[in-house]
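Data block below; observations after.
In this note's numbering, the protein residues as written are 76 to 258.
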């Protein structure tokens, strides 16, 4: 992780999860990440709706040009990156697998700006929709609106003590088995 805010938010998430795979949403307190709130967001896990923003920090809203609540997270990305970000967010939410990504965005003056994206899962709750949290921070000073977010690189993070990524077994057709999750 390159950005100090990304490292700090991941450390807070990791501390809050304790020995669990992911922390509960109720374990997060704004005062624990006060300096980072402007860049933090919460997404609803509604894949067909493009992972709508439930909450977005003020700095992030300024980069997006207004209140982000209800906006589709995936719609921020270019057509070439949309399916990848959809898949990454799904893995974070469903498999409780944190991810960090390098992103570029077009600034108001047309220049490309590098950013770092962190996506973190919340533990699932009974009778409650899944959600995930994250942080988007520019790696260089940035002002004004950003558009055309493009995914440059990403990796999944295995938190210390969490064990390997779960393997799912699918029986696709009789006699043919697919194991998803092996590296």
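Even glycine gets a Cβ: it sits at the ideal position worked out from N, Cα and C.
- 225 is the residue among 225, 94, 148, 82 whose C-alpha sits nearest the C-alpha of residue 178.
- Assignment of residue 196 by DSSP, reduced to helix, strand and coil, places it in the strand class.
- Close CB contacts of residue 133 within its chain, under the 6 Å cut and outside five residues either way in sequence, are with 113 (chain order).
- Its chain contains 128 as the residues whose beta carbon lies nearer than 6 Å to that of residue 146, once the 5 sequence neighbours on both sides are disregarded; these appear in chain order.
- For residue 139, the enclosing alpha helix (DSSP H) covers residues 133-139.
- Exclusion of the five residues before and after residue 150 leaves 125 as the residues of its chain whose Cβ lies within less than 6 Å of its Cβ.
- For residue 154 and residue 144, the gap between their C-alpha atoms comes out near 21 Å.
- By alpha-carbon distance to residue 213, the top candidate from 106, 232, 192, 231 is 192.
- The residue among 196, 102, 139 with its C-alpha nearest the C-alpha of residue 96 is 196.
- If you draw a straight line from the Cα of residue 107 to the Cα of residue 117, it comes to about 16 Å.
- In this structure, the CA atom of residue 119 is about 31 Å from the CA atom of residue 184.
- Counting other Cβ atoms within 10 Å of its Cβ, residue 123 stays below 16 and is therefore classed as exposed.
- When beta bridges are read from the DSSP output, residue 182 appears opposite 221.
- In this structure, residue 175 lies near residue 81, with their beta-carbon atoms less than 8 Å apart.
- Rounded to whole angstroms, the separation of the alpha carbons of residue 158 and residue 115 is 22 Å.
- Under DSSP, the beta-bridge partners assigned to residue 190 are 178, 213.
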